[in-house]
Amino acid sequence: MYDFYKSFQQKSPIYYEVFLYLETQVVELKEKCMKIRDKFMNYELDLEEEYLRVASKAKAGMNIAQGMWKELEATKEKSDFSDLAYLVRLNVLIKYIYIDVQTELLCFNAVLNKVFFEEKIQELLQEVYDKEGIDHLDFLTALDQATSYQYIKRRENATAEKMTNLLEKFTDLELAERVKKVVEEFSIQKKSEHMFSEAFIEWTPLVLPIREEIWRVLKKVDMYPEDEMRVLPFYNLLPYVEKVVLPNLYENATSTYFKEKYRRE
Amino acid sequence: MNVIKGLGASKGIAKGKALIFEEGNDRILVEGDEEKYILVAEYIPPYIAELDKRISGIIVEESSLLCHAACIAREIGIPCVTGVEECYTTLVNKEITIDGSKGEVYYV
Chain A
93 MYDFYKSFQQ KSPIYYEVFL YLETQVVELK EKCMKIRDKF MNYELDLEEE
143 YLRVASKAKA GMNIAQGMWK ELEATKEKSD FSDLAYLVRL NVLIKYIYID
193 VQTELLCFNA VLNKVFFEEK IQELLQEVYD KEGIDHLDFL TALDQATSYQ
243 YIKRRENATA EKMTNLLEKF TDLELAERVK KVVEEFSIQK KSEHMFSEAF
293 IEWTPLVLPI REEIWRVLKK VDMYPEDEMR VLPFYNLLPY VEKVVLPNLY
343 ENATSTYFKE KYRRE
Chain B
18 MNVIKGLGAS KGIAKGKALI FEEGNDRILV EGDEEKYILV AEYIPPYIAE
68 LDKRISGIIV EESSLLCHAA CIAREIGIPC VTGVEECYTT LVNKEITIDG
118 SKGEVYYV
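Residue numbers (this note's numbering), protein chains in the order written: chain A, 93 to 357; chain B, 18 to 125.
So this is what it looks like as structure tokens:
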């Protein structure tokens, strides 16, 4: 039986670490990834439809996240949050962005990016070489240029020239049709990566101040991470906050509460 | 001259100074002169969609012909070598030549 996670671990340790963390947090996300992957491999997935669904969800999710941040900023000035309470709220917001919103994009993108190549293009590369004598890098270059972001956005025919020229020389017409299908599917995968890229650029002005706030509170409570952790992306900072900082703060907060309670009594 | 073997992912030959990519940067910024750089990274995350014109080649540790680094290198027509272990520590401050067809990295 195909081992999705083992394959992922081998092909992309970074994404695998993200999935490991998320797996402990959101079980249904794992099931979602498996469904996407299985549907894709069985040719049951309408890539375009799935892409539109994920894009729409990401957009809506970020609007909600922006609202949450504005609310947090506004109420913080008026209320007297304890460090623990404030950090919990920041953590909830970041988790919303990186689990509910961004991760579905990452799943869709990562599943297609990694699984797509290994299980669809690999055989095609060999077949194209055996039957048409085309070097695999020449083929991949033509594929990337035919499906490039610029081509998708501006439909510049020049960037598809290499693939058009290759296909015109194919002697096996059935193979040519399969290549065209792969070009179409890979275009959607590229659109997904570009969507992820655009979303990330859009989100940066939102997540950077949230991250600054998390760091500020961590410094204040003397749990600022080591230097090498500072530049880690959120999917490493989040586990540190959730598994190390918050339990420590909670323990201190509850022991203080009970000390005060018993002292009064 | 030292040589490291990797997987050639995008054809061509390029020379430049190593530019180590750091996760957490929103952009790859190359300030100052017109010097050519070779981008060196553990991997290039998918939110990096465009590169500074002074980046003439890419080297990544991630070993895949269809990784994001390889795809953008082929799109813009610059050489790329993948599967170079610990390149982001070995190649710091080095002058590099890469051959994307052979999958070889040369440095002094």
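The beta-carbon is built from N, C-alpha and C at its ideal position, and this holds for glycine as well. None of the values given here were measured: they were computed from a predicted structure.
Please report whether the beta-carbon of C88/B lies at a distance below 9 Å from any beta-carbon of chain A.
One-based indexing of the second sequence puts residue 88/B at position 71. Judged by the 9 Å Cβ criterion, C88/B is in contact with chain A.
Between the Cα of E294/A and the Cα atoms of M154/A, R181/A, E141/A and L164/A, which residue gives the shortest distance?
Within the first sequence, numbered from 1, the residue matching residue 294/A stands at position 202. For E294/A, the nearest C-alpha among the options comes from M154/A.
Can you tell me whether DSSP reads N19/B as helix, strand or coil?
Translated into positions along the second sequence, residue 19/B becomes position 2. If DSSP states are grouped into helix, strand and coil, N19/B belongs with the strands.
Beta strand (DSSP E) containing S289/A: first to last residue?
Taking the first sequence and counting its residues from 1, the one referred to as residue 289/A is at position 197. Unbroken run through S289/A is the alpha helix (DSSP H), L265 to K312; no beta strand (DSSP E).
Can you pull the chain A residues whose beta carbon is under 7 Å from the beta carbon of E92/B, in chain order?
Position 75 of the second sequence holds residue 92/B. Result: D236, Q237 and S240.
Does DSSP classify V180/A as helix, strand or coil?
As a first step, residue 180/A must be located in the first sequence, where it is residue number 88. If DSSP states are grouped into helix, strand and coil, V180/A belongs with the helices.
Which runs of the alpha helix (DSSP H) spanning at least 4 residues fall entirely within the stretch 45-103 of chain B, listed in chain order?
Counting only runs of 4 or more, we get 85-93.
Could you give the DSSP three-state label for E112/B: helix, strand or coil?
Here residue 112/B refers to the residue found at position 95 of the second sequence. If DSSP states are grouped into helix, strand and coil, E112/B belongs with the strands.
Give the single residue among V184/A, A150/A and A177/A whose Cα lies nearest to the Cα of M160/A.
Here residue 160/A refers to the residue found at position 68 when the first sequence is read from its first residue. Ranking V184/A, A150/A and A177/A by Cα distance to M160/A puts V184/A first.
Within 10 angstroms of its Cβ, does S73/B collect 16 or more other Cβ (buried), or is it exposed?
On the second sequence, residue 73/B is found 56 positions in, with the first residue counted as 1. S73/B should be labelled buried.
How would you list, in chain order, the residues of chain A whose beta-carbon sits under 7 Å from the beta-carbon of S73/B?
By one-based count along the second sequence, residue 73/B stands at place 56. What S73/B touches in chain A: nothing, since even the nearest Cβ is about 17 Å away.
Just to make sure I have the definition right: I need the residues of chain A whose C-beta is within less than 9 Å of the C-beta of L25/B. Which are they?
Within the second sequence, numbered from 1, the residue matching residue 25/B stands at position 8. Reading off the sequence, residue 25/B comes out as Gly, not Leu. Here the neighbours are L229.
I want to verify the contact list: residues of chain A whose CB lies under 9 Å from the CB of L68/B, in sequence order.
Residue mapping note: residue 68/B aligns to position 51 of the second sequence, counting from 1. Here the premise fails: no neighbours, minimum Cβ distance about 12 Å.
Might you give, ordered along the chain, the residues of its own chain that have their beta carbon closer than 8 Å to the beta carbon of E103/B, omitting 5 neighbours on each side?
Position 86 of the second sequence, counted from the first residue, corresponds to residue 103/B. If we look at E103/B and ignore the five residues flanking it on each side, its Cβ neighbours are E78.
Can you name, in chain order, every residue of its own chain whose Cβ lies under 6 Å from the Cβ of I75/B, other than the five neighbours on each side?
Looking up residue 75/B in the second sequence gives position 58. Cβ neighbours of I75/B beyond the five flanking positions: L56, A86, A90 and C97.
Grouping DSSP H, G and I as helix and E and B as strand, with all else coil, what is L137/A?
Along the first sequence, one-based indexing puts residue 137/A at 45. Of the three classes helix, strand and coil, the one that applies to L137/A here is coil, per DSSP.
Quick check: Q194/A and A252/A, are their CB atoms within less than 9 Å of each other?
Within the first sequence, numbered from 1, the residue matching residue 194/A stands at position 102. Within the first sequence, numbered from 1, the residue matching residue 252/A stands at position 160. Going by C-beta atoms, Q194/A is not nearer than 9 Å to A252/A.
Does K119/B come out as helix, strand or coil in the three-state DSSP assignment?
Residue numbering aside, residue 119/B sits at position 102 when the second sequence is read from its first letter. Here K119/B sits in coil by DSSP.
Would you mind giving the Cβ-Cβ distance between K283/A and Y143/A, rounded to the nearest angstrom? I have them listed as a contact below 8 Å.
Residue 283/A sits at position 191 when you count from the first residue of the first sequence. Residue 143/A sits at position 51 when you count from the first residue of the first sequence. Yes, K283/A and Y143/A are in contact; Cβ-Cβ is about 6 Å, under 8 Å.
Please classify T406/A as buried or exposed, where buried requires at least 16 other C-beta atoms within 10 Å of its C-beta.
No answer is possible for residue 406/A: the residues shown for chain A start at 93 and end at 357.
On the CB-based measure, 16 or more other CB atoms within 10 Å of its CB, does Y94/A come out buried or exposed?
To locate residue 94/A, count along the first sequence from 1; it is residue 2. Confidence in Y94/A is poor, its pLDDT being 44 and thus under 50, which makes the residue's placement too unreliable to answer from.
Quick one: grab the DSSP three-state call for Y124/B.
Walking along the second sequence from the start, residue 124/B turns up at place 107. DSSP places Y124/B in strand when its eight states are reduced to three.
To the nearest angstrom, how far is it from the Cα of R308/A to the Cα of L232/A?
Here residue 308/A refers to the residue found at position 216 of the first sequence. Here residue 232/A refers to the residue found at position 140 of the first sequence. Spanning the two alpha carbons is a distance of roughly 46 Å.
With H, G and I counted as helix, E and B as strand and the rest as coil, what does DSSP make of S240/A?
Mapped onto the first sequence, residue 240/A falls at position 148. Note: S240/A maps to coil in three-state DSSP.
Does the CB of I76/B have a neighbour CB from chain A at under 9 Å?
For the purposes of this step, residue 76/B is identified with residue 59 of the second sequence, where counting begins at 1. It does not; no Cβ of chain A falls within 9 Å.
Could you say which of G120/B, I95/B, G33/B and E51/B lies nearest to K111/B if we only look at CA atoms?
Your numbering for residue 111/B matches position 94 in the second sequence. Checked all of G120/B, I95/B, G33/B and E51/B; the closest Cα to K111/B is G33/B.
Where K70/B and A268/A are concerned, what is the direct C-alpha to C-alpha distance, given to the nearest angstrom?
Position 53 of the second sequence, counted from the start, is the residue given in the question as residue 70/B. Position 176 of the first sequence, counted from the start, is the residue given in the question as residue 268/A. Rounded to whole angstroms, K70/B to A268/A spans 34 Å at the Cα level.
According to DSSP, simplified to helix, strand and coil, what is K34/B?
Here residue 34/B refers to the residue found at position 17 when the second sequence is read from its first residue. Looking at K34/B - three-state DSSP - the assignment turns out to be strand.
Near I306/A, what residues of its chain come up, given a Cβ to Cβ distance below 6 Å and the 5 sequence neighbours on each side ignored?
If you number the first sequence from 1, residue 306/A lands on position 214. Taken in chain order, the residues that qualify are L182.
Among the candidates L36/B, S80/B, I65/B and I113/B, whose CA atom is the shortest distance from the CA of G23/B?
If you number the second sequence from 1, residue 23/B lands on position 6. Ranking L36/B, S80/B, I65/B and I113/B by Cα distance to G23/B puts S80/B first.
Would you mind reading off the limits of the beta strand (DSSP E) that contains L24/B?
As a position in the second sequence, residue 24/B is number 7, starting the count at 1. Here the beta strand (DSSP E) through L24/B covers L24 to S27.
Taking C-alpha atoms, which residue in A177/A, I302/A, S289/A and L235/A lies nearest to A147/A?
Indexing the first sequence from 1 puts residue 147/A at position 55. When only C-alpha atoms are compared, the closest one is S289/A.
Between which residues of its own chain and D264/A is the CB-CB distance below 6 Å, once the five residues before and five after are set aside?
Indexing the first sequence from 1 puts residue 264/A at position 172. Once the five neighbours on either side are set aside, the close Cβ partners of D264/A are K223.
Starting from P63/B, find everything on chain A with Cβ-Cβ shorter than 7 Å and list it in chain order.
Locating residue 63/B in the second sequence gives position 46, where the first residue counts as 1. Neighbours of P63/B on chain A, chain order: N201, E285, F288 and S289.
Count the other CB atoms within 10 Å of the CB of K2/B; is the residue buried (16 or more) or exposed (fewer)?
With chain B covering 18 to 125 only, the question about residue 2/B has no answer from this structure.
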